[in-house]
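Residue numbers (the working numbering), protein chains in the order written: chain A, 1 to 670; chain B, 1001 to 1670.
2 protein chains.
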Amino acid sequence: MVAATTSLDTLCINSIRMLAVDAVNKSNSGHPGLPMGCAPMGYTLWDKFLHHNPKNPQWFNRDRFVLSAGHGCMLLYALLHLTGYDSVTIDDIKQFRQWGARTPGHPETFETPGVEVTTGPLGAGISNAVGLAIAEAHLGAKFNKPDEKIVDHFTYVIMGDGCNQEGVSSEACSLAGHLKLGKLIALYDDNQITIDGRTDVSFTEDVLKRYESYGWHVQHIPNGNTDVDAIANAIALAKSVTDQPSIIKVSTTIGYGSPNKSDTAGVHGAPLGEEEANLTRKQLNWTYGPFEVPQEVYGHYQKAIERGSQLEAKWNQTLSSYRNKYPNEAAEFERMLRGELPNGWDKDLPTYSPDDKGLATRKHSQICLGALGPNLPELIGGSADLTHSNYTDIKGETGSFQSETPEKRYLHFGVREHAMAAILNGIAYHNSGLIPYGGTFLVFADYMRGSMRLSALSELGVIYVLTHDSIGVGEDGPTHQPIETIPSLRAIPNMLVFRPGDGNETSGAYKVAIENRKRPSSLCLSRQGMANQANSSIEKVAFGGYILEDCEGGSPELILIGTGSELDLCVQASKKLTASGHKIRVVSMPCVELFEEQSQSYKESVLPTSIRKRIIVEAAQSFGWHKYIGLDGESITMKGFGASAPGGTCMEKFGFTVENVVAKAQKLLS
Amino acid sequence: MVAATTSLDTLCINSIRMLAVDAVNKSNSGHPGLPMGCAPMGYTLWDKFLHHNPKNPQWFNRDRFVLSAGHGCMLLYALLHLTGYDSVTIDDIKQFRQWGARTPGHPETFETPGVEVTTGPLGAGISNAVGLAIAEAHLGAKFNKPDEKIVDHFTYVIMGDGCNQEGVSSEACSLAGHLKLGKLIALYDDNQITIDGRTDVSFTEDVLKRYESYGWHVQHIPNGNTDVDAIANAIALAKSVTDQPSIIKVSTTIGYGSPNKSDTAGVHGAPLGEEEANLTRKQLNWTYGPFEVPQEVYGHYQKAIERGSQLEAKWNQTLSSYRNKYPNEAAEFERMLRGELPNGWDKDLPTYSPDDKGLATRKHSQICLGALGPNLPELIGGSADLTHSNYTDIKGETGSFQSETPEKRYLHFGVREHAMAAILNGIAYHNSGLIPYGGTFLVFADYMRGSMRLSALSELGVIYVLTHDSIGVGEDGPTHQPIETIPSLRAIPNMLVFRPGDGNETSGAYKVAIENRKRPSSLCLSRQGMANQANSSIEKVAFGGYILEDCEGGSPELILIGTGSELDLCVQASKKLTASGHKIRVVSMPCVELFEEQSQSYKESVLPTSIRKRIIVEAAQSFGWHKYIGLDGESITMKGFGASAPGGTCMEKFGFTVENVVAKAQKLLS
């Protein structure tokens, strides 16, 4: 028997390989190449290093594992299955990529317990991992005591060539090096194959030298196909380097074991087919049938269950001891883990009356952050190098999260918007109660849209603070003036897009955003000041849209719908139109998505179907607004890009004046 | 007199500094810090190296200069003014950042002749420059002869810390190193200040080591504030290195000359103010008033006019000689420079009838590229490592643009979507007739949206080939299934978004996209096959939307609007509804933007205002469609993200079936 001469290590590794081959063959869809090449590093990491508890995937102090090369998800599903997670049975593996299965085509946190981050879009996972490591470092610095460490885990990543080519990973890994995140360890699957063929058609840089330039600790394992000891030694060394993140380049053969397809692009994303699967079985001395795993392999892998149970029990003892010694800290820690907000967290959110000076909503946002900061210790965030423009600082706090000061909660992301969003996602994925926020100019949401989409898809309550929200930006000109950005964000499912019209609405937007821990929020905030309204309130924002001003008696003839800095134009125009005898309603619509969620009767009460004379006033593309103005309404919106000139001039030249609103209304009324 | 001891070099340099100070002070808005720090490198480059003709900014063989740090635009405006460009007079500089001025807040090609690329969004310019260098290398390899070089110029860049932090530049510069673009030379303004303060809050990587890892030639000039000779020597050396792109790190002091604000973040993006401007004058021994430039400075700078005239004259001689020796090549070269398409370029675009096998539109796209390739030699493009999924290859051609084969026109961008878009923009900015295209999955348009926006803003006829355009993607699941991407692209002004519904419409989309050299096109193409329609045609696509099927006699009761893979669902449903006695119209809407441009009467003829029973069927978010379905219509669209399952299953489960269209229609009709 050939199998007899095969070590248990090899059997365990080949179990991953063959589960991947069989699952992809059965579904006739998927990516067998990476799991076959990465099986040795996956096995070594999970069997010899990873702290986790298969029977409690949510155990807090587990090491985080991120499969950044998400297309290789069969590696992860195989490991989850083999180590005893209830979420991935052999039947789930047989249902790979089928409707309703817990084994979707790329790993998704919301489908499969044990999956730490949703991956597939390349570069995202390693960048999320930087956020996970930041969360760990911050919470450790915040809660650990010299005698009791309740936060203490590593973040491991498997990434491929694609992840290393994507710019987002360059941004995030440069920052990780700066921050000296020593508990972040990445295994780089260097298989020299991408979809277009060998990497030498486009990717010949010296990757490790690049990581060295970022300040990472680097290692190389020439034979990642079989040299388990080398992999284990490298991970052990990486763990011992505490003041640098680590990358271990593991040279492998994609599709290892397949005699005709290994080391080709053909094995990256297509099934081997039955014949080649049989040849692979032969080459790997694999004597088992499809989806068959030797009992001794299960027996070995599933020692993880006992190990995990002991690890969690030990941690529970530590936590118990911590609770006795440090009851206040423990209470806060456990509250955060439960995902509960502290009592009175919103008590200092300011309210305003029209007598209060009109400020820019970015300024109101700064005041909100200052009001939330002391009451919401889990708030953590910063800006992509625009702190003094986004006003993302928390009043009264100094210093920032740096390698020497990880207890600080302000993050300088640098000019790295995409990494910022991915890191914020990573902090949210850590699932430890932290509420991440990050700021940039609204127009640069485009730079990080890939990760904003993942916030929405993966149900992460990230708060995006997006200032300079229209042509009101002024002199910086059209490259800096969002026109289509607000509509494009509104198009993302599960994303709350706020454009508050004054101070009360800004406070209201923060209230809803903080409360929504399962969906991200984009706060679109003005550079320029605007008046405070008489009838706005924090509470009304939760309805998404509401009647701000209404005609006296009877039904309105015309409805003006406004958001943000254009809301007051509607109010002023309404006054003039009312003075000339018209019945006008002004609807404030700070959040279209929340309005959509209201009852049909509420929506009808705000925007009665019978009233078709409606005008939307928003200094952005009209795209999307016809849902409310229909075929008969009008829009005062942007038709094209903006221009460089003082903000007030831009607003006037592009038609955002009371006079223009009045004129359009009169035309519609006539 | 202090000024007497000042060298002419210094006077020239300080002219830039003070024009920047004065312009930003007068407009009370802008970024004086970079021009003050970069004046020496700007002067040295423009005075001693740059081949250009101020009196003909469009002279083809000029060196390209890209100010990647676009906020420092006063550096560029000062250089354009001082060297004698008619586009920037002293009055233009006095009108800095004002409505209608040719000196907007960031450099914009469409406002100011002499500006080569629109910059401001950081990282974009250096990445565009990689495209410019690719264009030069390709055209050189294509047209130059051993005895006549008609394409021969450098591409110079000034970039800052921000550009180096942005991931897009990492992607593009890694590729530039791989491609050994020896005529690309970047000056990196290392001033160690960003908006959040000193770069050491977030950016401590070894930048030059990183560029070395990409394969670049690197140099460092420790004193960029005054050491003009060192700058000149470094540029000369960089020019001599022909098989590597070059980066020269020039350490400078931001706001050099300002006694109180230099070397602080305060001088990055705010006026110095009058008082500090006076102190700066004193420190720089600058005895001239605001906007005053010494005549000797003009005299020296404007030698560029004579030099430029001679350079162009000499090149014209070369071209003339080339024309005599190589009339065919010259004719093609000059046709391309005139921006004319070759006769019969579209003659092989295929047409189809319903008898032809239904293919995926990505496959139709591949056939179009194959049909265009031989007739349109200026077509150049590739894929971000998805050649065999996007089908972006040109049939019959082998090999790709590599350092040894720059004459090839297929580009392997690697897994670098954002760089791809920026490079395509750069090829378009070269303005030499090349027609750039690039492919990725539609959902990953999000990764490159920053540069797609710039294609639209800067009027660049880039063609984006975006395949796998809906949940029809299937097993790869929601991370790979665009839902909101099509609406989000439609929201961008000046972007044509096509979603062809069969083979004819795909050919038609290519025809319009190729003809539109002043606006980008996004072709949204299916993974899965679809039927060819009886009444579609290449020509009808130019109307954006048209009647594909209509009821016999009289006015329709209901209009079905479909796009892409859902068009045939409308056609099939229409047949069933017609059979049950209803009058149904089917409108195909392959390009909303083109439809919007038609006459009111045409639009009314397709979608009569009186017919309010309308249903849109599109496997994407409904966002934007209410413009056509109004308050009374219906939509069969996606409400949320997709799922991992075979594509057909996804379509069915999410309601994209003939039965569902019929049911919704019947409900609306009842």
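Every residue, glycine too, gets a C-beta built ideally from N, C-alpha and C.
Asked: With DSSP as the reference, please indicate the residues paired to C1524 (chain B) in a beta bridge.; Found: B:L1466
Asked: So is T479 (chain A) buried or exposed if we call it buried at 16+ other beta carbons inside 10 Å?; Found: buried
Asked: In whole angstroms, what separates the C-alpha of I93 (chain A) from that of G1399 (chain B)?; Found: 40 Å
Asked: Count the C-beta pairs between the region 647-655 of chain A and the region 516-524 of chain A that are closer than 8 Å, then say yes if the count reaches three, no if not.; Found: no
Asked: Please give the ranges of any beta strand (DSSP E) in the region 471-502 of chain A, keeping only runs that are unbroken, at least 3 residues long and fully inside the region.; Found: 496-498
Asked: Can you list, in chain order, the residues of its chain with a C-beta nearer than 6 Å to that of G255 (chain A)? Leave out the 5 residues immediately preceding and following it.; Found: G33, M36, K261, S262, V267
Asked: With a 10 Å radius around its C-beta and 16 neighbouring C-beta atoms as the bar for buried, classify P1500 (chain B) as buried or exposed.; Found: buried
Asked: R1612 (chain B) to D1632 (chain B), Cα distance in whole Å?; Found: 6 Å
Asked: Please report the Cβ distance between G1461 (chain B) and F1413 (chain B), rounded to the nearest whole angstrom; I am assuming they are in contact, meaning their Cβ atoms lie under 8 Å.; Found: Wrong, their Cβ atoms sit about 18 Å apart, outside the cutoff.
Asked: Could you check whether the region 523-543 of chain A touches the region 553-560 of chain A, counting it as contact only if at least three pairs of C-beta atoms, one from each stretch, sit closer than 8 Å?; Found: no
Asked: Note down the Cα distance separating V1592 (chain B) from G1630 (chain B), rounded to an integer number of angstroms.; Found: 15 Å
Asked: Express the C-alpha separation of A1619 (chain B) and D1502 (chain B) in angstroms, rounding to a whole number.; Found: 15 Å
Asked: Should E274 (chain A) be labelled buried (16 or more other beta-carbon atoms within 10 Å of its own) or exposed?; Found: exposed
Asked: Can you tell me the Cα-Cα spacing of A531 (chain A) and L548 (chain A), whole angstroms?; Found: 14 Å
Asked: Enumerate, from N- to C-terminal direction, the unbroken alpha helix (DSSP H) stretches of 4 or more residues contained entirely within the region 546-580 of chain A.; Found: 567-579
Asked: Does P1590 (chain B) pass the burial test, meaning 16 or more other C-beta atoms within 10 Å, or should it be called exposed?; Found: buried
Asked: Does any residue of chain D have a CB that is nearer than 9 Å to the CB of E1274 (chain B)?; Found: Considering every chain present, this structure includes no chain D. Its protein chains are A and B.
Asked: Could you work out which residues of chain B lie near T204 (chain A), taking near to mean beta carbons separated by less than 8 Å?; Found: G1177, H1178, G1215
Asked: Looking at the C-beta of I1636 (chain B), does it have a partner C-beta in chain A at a distance below 9 Å?; Found: no
Asked: Along chain B, which residues have their Cβ under 8 Å away from the Cβ of Q621 (chain A)?; Found: A1491, P1493
Asked: Give me whichever residues DSSP pairs with G1382 (chain B) in a beta bridge.; Found: B:L1411, B:G1438
Asked: Would you identify the three-state DSSP class for I1254 (chain B), choosing helix, strand or coil?; Found: coil
Asked: Counting along the chain, where does the alpha helix (DSSP H) carrying Q1621 (chain B) start and finish?; Found: First-last for Q1621 (chain B): 1614-1621, but that is the beta strand (DSSP E), not the alpha helix (DSSP H).
Asked: Within 10 angstroms of its Cβ, does R1097 (chain B) collect 16 or more other Cβ (buried), or is it exposed?; Found: buried
Asked: Tell me which residues of the region 1473-1491 of chain B have at least one Cβ-Cβ distance to chain A shorter than 8 Å, keeping chain order.; Found: G1474, E1475, D1476, G1477, P1478, T1479, H1480, I1483, E1484, P1487, S1488, R1490, A1491
Asked: Where does G197 (chain A) fall in DSSP's three states?; Found: strand
Asked: Please name the residues in the region 1407-1418 of chain B whose beta-carbon is closer than 9 Å to at least one beta-carbon of chain A, in chain order.; Found: L1411, H1412, F1413, G1414, V1415, R1416, E1417, H1418
Asked: To the nearest whole angstrom, what separates the beta carbons of L567 (chain A) and Q533 (chain A), a pair I think is in contact under 8 Å?; Found: 7 Å
Asked: Say whether chain B places a C-beta atom closer than 9 Å to the C-beta of I195 (chain A).; Found: yes
Asked: Given that H106 (chain A) touches chain B, what residues does it touch there, using C-beta distances under 9 Å?; Found: D1476, G1477, P1478, T1479, H1480, S1644
Asked: Within the continuous alpha helix (DSSP H) that includes A1421 (chain B), where are the two ends?; Found: 1417-1429
Asked: DSSP three-state label for L284 (chain A), please.; Found: coil
Asked: Which of the three DSSP states, helix, strand or coil, is assigned to H1220 (chain B)?; Found: strand
Asked: Just the Cα atoms here: how many angstroms apart are M420 (chain A) and A172 (chain A)?; Found: 8 Å
Asked: Within its chain, find whatever has a CB closer than 6 Å to the CB of G1160 (chain B); leave out the 5 residues flanking it on each side and keep chain order.; Found: A1069, D1189
Asked: With distances taken between CB atoms, is the gap from R409 (chain A) to Y391 (chain A) smaller than 9 Å?; Found: no
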